[in-house]
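Data first, discussion second: the structure below is written as structure tokens.
Residue numbers (the numbering used here), protein chains in the order written: chain Y, 1 to 131; chain B, 1 to 382.
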């Protein structure tokens with residue numbers, strides 16, 4: 001079940017908006033649906049702290065036995081943290097995709113892209129269609 | 001899903017099993033039921049059941065069947081005994097590979113002898129055209145494509161023989177590797193061969209399409225306590241890669257010769273009496289056999305966890321020395337492995353086991369060590 005407090009991208013990333021010292025931060029991960037589609041994840045590499053993030057552009061890659069996929073930034077800003085623990089323990093993606101399985105934190109510089117993200121109901125409708 | 005795709009007799013069974021279906025060579029086939037890694041390991045440790053009905057099955061009847069095939073295959077067919085199976089290639093006039101196949105010499109219970117080819121799904125129509133275009137009235141051979149009216153099921157792994165044995169009217173322990181027999185499965189006609197594409201011992205069954213579901217149910221009943229599970233094309237690919245078995249479209253294609261692919265064993269330039277054979281491509285291959293090799297197929301073991309994939313380039317310092325043909329994270333070995341073609345014209349030592357090279361993985365160089373093939377060899381002592 002997807003949490004209600006998240007926003008979702010068409011490319012199966014989620015964000016949780018946080019307010020830290022007056023700055024808007026997006027915590028980014030991939031959804032349980034995406035993890036289930038990948039199944040056999042073997043490798044994750046996120047771009048390092050300090051990398052500029054543009055909505056719709058790659059901020060990391062995730063590899064399964066079968067193929068490589070991009071992690072797409074849902075927002076515009078800058079990567080300010082990367083979950084180093086996750087790359088060492090990819091099982092966290094299946095066990096807890098929305099908390100321990102977070103991938104990066106992005107300091108949001110332009111909020112326009114957030115408008116295009118989906119709420120839970122819209123995202124789940126998309127997943128149902130993709131089967 | 002695209003409605004023009006062909007489906008096998010087991011299609012609804014795949015759906016019931018929760019398979020993820022993909023287009024493979026025009027067939028809607030299961031790529032995985034759940035986890036490729038779990039399906040892969042189940043095959044290595046217990047038994048995997050694969051629907052390989054998409055592979056082409058072509059039957060050759062008539063007094064001239066062996067002679068006809070001997071003219072088209074790189075391996076000898078004339079001396080193939082009843083019950084024997086050989087891996088062979090079909091080459092064009094240039095000696096390049098049109099397909100890799102298994103050729104069977106079989107006999108029905110009513111003692112009619114015939115030959116059969118099992119060809120790649122992606123090459124079936126091309127090979128059927130090739131066969132008929134080389135057929136003349138004097139050949140005394142009837143060619144029939146049995147693919148759509150039959151199903152083919154592979155059971156592979158250390159428990160495969162134990163699972164299939166109670167179901168068939170033949171003692172599988174008398175069937176040696178690369179032998180086949182026309183027999184019965186629970187009273188119904190069935191061709192059983194001790195063949196496969198996983199690096200494990202195992203069998204492949206060919207039955208009439210309308211019996212396929214019954215056979216699968218029987219296999220699961222027989223294998224319930226022996227770890228049988230359905231396995232998709234995803235694990236079939238990682239299993240064959242660990243066993244270093246070439247896959248048409250990756251290691252083999254119409255610009256590759258058998259020698260470049262390291263498949264010297266699959267070319268018989270001479271017949272059983274050591275006279276030169278005459279088959280399509282033999283002149284080109286006889287000439288190539290005298291030349292030094294410019295290209296070799298090698299194994300690569302990569303550092304880290306990122307897998308090299310088909311098309312990634314291989315480098316020795318600044319110089320590109322090869323290209324990856326297949327690569328994946330190895331479920332058995334738990335590190336990334338790949339097969340690659342290396343150019344050895346200038347420096348033969350490039351392809352020696354232990355040589356450190358680099359693979360360009362999407363812009364990043366990853367250290368890769370040349371290793372002897374195969375990556376995985378089953379323990380034959382047990």
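Idealized CB from N, CA, C, for every residue including glycine. Here the structure is a predicted model, which means the values were calculated and not measured.
Rounded C-alpha distance that separates residue i from residue j
i	j	result
residue 77 of chain B	residue 172 of chain B	24 angstroms
residue 335 of chain B	residue 144 of chain B	44 angstroms
residue 160 of chain B	residue 224 of chain B	12 angstroms
residue 168 of chain B	residue 183 of chain B	7 angstroms
residue 151 of chain B	residue 210 of chain B	8 angstroms
residue 77 of chain Y	residue 54 of chain Y	6 angstroms
residue 146 of chain B	residue 235 of chain B	26 angstroms
residue 212 of chain B	residue 91 of chain Y	37 angstroms
residue 102 of chain Y	residue 362 of chain B	24 angstroms
residue 134 of chain B	residue 208 of chain B	29 angstroms
residue 284 of chain B	residue 90 of chain B	13 angstroms
residue 312 of chain B	residue 244 of chain B	18 angstroms
residue 339 of chain B	residue 252 of chain B	12 angstroms
residue 118 of chain Y	residue 11 of chain Y	11 angstroms
residue 47 of chain Y	residue 18 of chain B	35 angstroms
residue 93 of chain Y	residue 61 of chain Y	14 angstroms
residue 140 of chain B	residue 238 of chain B	41 angstroms
residue 137 of chain B	residue 116 of chain B	20 angstroms
residue 24 of chain Y	residue 349 of chain B	57 angstroms
residue 92 of chain B	residue 56 of chain Y	47 angstroms
residue 332 of chain B	residue 72 of chain Y	31 angstroms
Interface flag, residue i vs chain B, CB-CB below 8 angstroms
i	result
residue 123 of chain Y	no
residue 40 of chain Y	yes
residue 98 of chain Y	no
residue 66 of chain Y	yes
residue 63 of chain Y	yes
Residue i at chain Y interface by Cβ criterion, 8 angstroms
i	result
residue 323 of chain B	no
residue 331 of chain B	yes
residue 32 of chain B	yes
residue 180 of chain B	no
residue 206 of chain B	no
residue 367 of chain B	no
residue 328 of chain B	yes
residue 4 of chain B	no
residue 301 of chain B	no
residue 289 of chain B	no
residue 234 of chain B	yes
residue 170 of chain B	no
residue 36 of chain B	yes
residue 307 of chain B	yes
residue 313 of chain B	no
residue 74 of chain B	no
residue 238 of chain B	yes
Residue i at chain C interface by Cβ criterion, 8 angstroms
i	result
residue 173 of chain B	No chain C appears in the structure shown, which is made up of the protein chains Y and B.
8 angstroms Cβ cutoff met for residue i and residue j
i	j	result
residue 25 of chain B	residue 122 of chain B	yes
residue 297 of chain B	residue 272 of chain B	no
residue 21 of chain B	residue 30 of chain B	yes
residue 55 of chain B	residue 118 of chain B	yes
residue 88 of chain B	residue 108 of chain B	no
residue 40 of chain Y	residue 64 of chain Y	yes
residue 179 of chain B	residue 84 of chain B	yes
residue 51 of chain B	residue 10 of chain B	yes
residue 71 of chain B	residue 279 of chain B	yes
residue 9 of chain Y	residue 52 of chain Y	no
residue 299 of chain B	residue 372 of chain B	yes
residue 158 of chain B	residue 45 of chain B	yes
residue 94 of chain B	residue 249 of chain B	no
residue 232 of chain B	residue 154 of chain B	no
With 16 other Cβ atoms within 10 Å as the buried cut-off, status of residue i
i	result
residue 276 of chain B	exposed
residue 88 of chain Y	exposed
residue 204 of chain B	buried
residue 4 of chain B	exposed
residue 49 of chain Y	exposed
residue 63 of chain B	exposed
residue 12 of chain B	exposed
residue 112 of chain B	exposed
residue 115 of chain Y	exposed
residue 114 of chain B	buried
residue 57 of chain B	buried
residue 222 of chain B	buried
residue 194 of chain B	buried
residue 99 of chain B	buried
Any non-hydrogen atom of the ligand HEM within 7 angstroms of residue i CB
i	result
residue 314 of chain B	You won't find the ligand HEM in this model; it holds no ligand whatsoever.
Runs of 3 residues minimum, wholly inside the segment 4-36 of chain Y: which ones carry the beta strand (DSSP E) assignment? 13-20, 23-30
Quick one: which unbroken alpha helix (DSSP H) runs of 4-plus residues sit fully inside the segment 26-101 of chain Y? Chain order, please. 32-38, 84-88, 91-95
Output the residue ranges of the alpha helix (DSSP H) runs that lie fully inside the segment 109-151 of chain B and measure 4 residues or longer, sorted by chain position. Fully enclosed alpha helix (DSSP H) runs of 4 or longer: 124-133.
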